[in-house]
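In the numbering used here, the protein residues as written are 2 to 113. Glycine included, every Cβ here is placed at the ideal spot set by N, Cα and C. In what follows, a structure is listed as structure tokens, so that the remarks can point back to it.
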Amino acid sequence: MLSMLPRSVLMVAAILFALGCSKDNHSHGDSHDHDHSHDEPHASATAEPGSYEDWCGGHGVPESKCTRCNSALVASFKANNDWCAEHELPASQCVKCDPNRKAIRPPKPAGK
Ligand SMILES: [Zn+2]
Ligand SMILES: [Zn+2]
């Protein structure tokens, strides 16, 4: 009977050790945290306007509205009187005139 006590103590110690080990291993899992979304500065041509994919990371605006990537868009912004001649940007995107205009990327759709 006396020998049972030390054995159970040993077992508890072994379990605690195992738990400590598995916890330690878990913290090594951070290395797979490679989100490549910021590695693609420009959206593909098939991106739906207004979607998460429709984003020009280089200029911080929706790709479908990025006059710096697609100069063909300039005319339509000018036609809508939405143009900052000083900074050569759509006025609605010109953060140099008003930092509050900074565009916010639409959230990533769930399940992607
Ligand atoms: Zn751009
Ligand atoms: Zn401006």
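* Identify whether valine 96 lies in helix, strand or coil by the three-state DSSP scheme. => coil
* lysine 109 CB to nearest heavy atom of ligand 2 below 6 angstroms -> Relative to ligand 2, lysine 109 has its C-beta separated by 6 angstroms or more from all heavy atoms.
* Among residues of its own chain, excluding the 5 on either side of serine 103, which ones have a beta-carbon nearer than 8 angstroms to its beta-carbon? -> It should be noted that the sequence gives lysine, not serine, for residue 103. Once the five neighbours on either side are set aside, the close Cβ partners of lysine 103 are Gly61, Val96.
* Asked: Quick one: what's leucine 11 bridged to in DSSP?
  -> Answer is none; leucine 11 lacks a bridge partner.
* **Lining residues of ligand 2 - beta-carbon closer than 7 angstroms to any non-hydrogen atom, in sequence order** => Cys85, Glu87, His88, Leu90, Ala92, Cys95, Lys97, Cys98
* Which same chain residues, not among the five before or five after aspartate 34, have their C-beta less than 8 angstroms away from its C-beta? -> Low confidence applies to aspartate 34: its pLDDT is 48, below 50, so where it sits in the model is not reliable enough to give any reading.
* Exposure of aspartate 31, with buried meaning 16 or more beta-carbon neighbours within 10 Å -> With a pLDDT of 48 at aspartate 31, under the threshold of 50, the predicted position of this residue should be treated as unreliable, and no value is reported.
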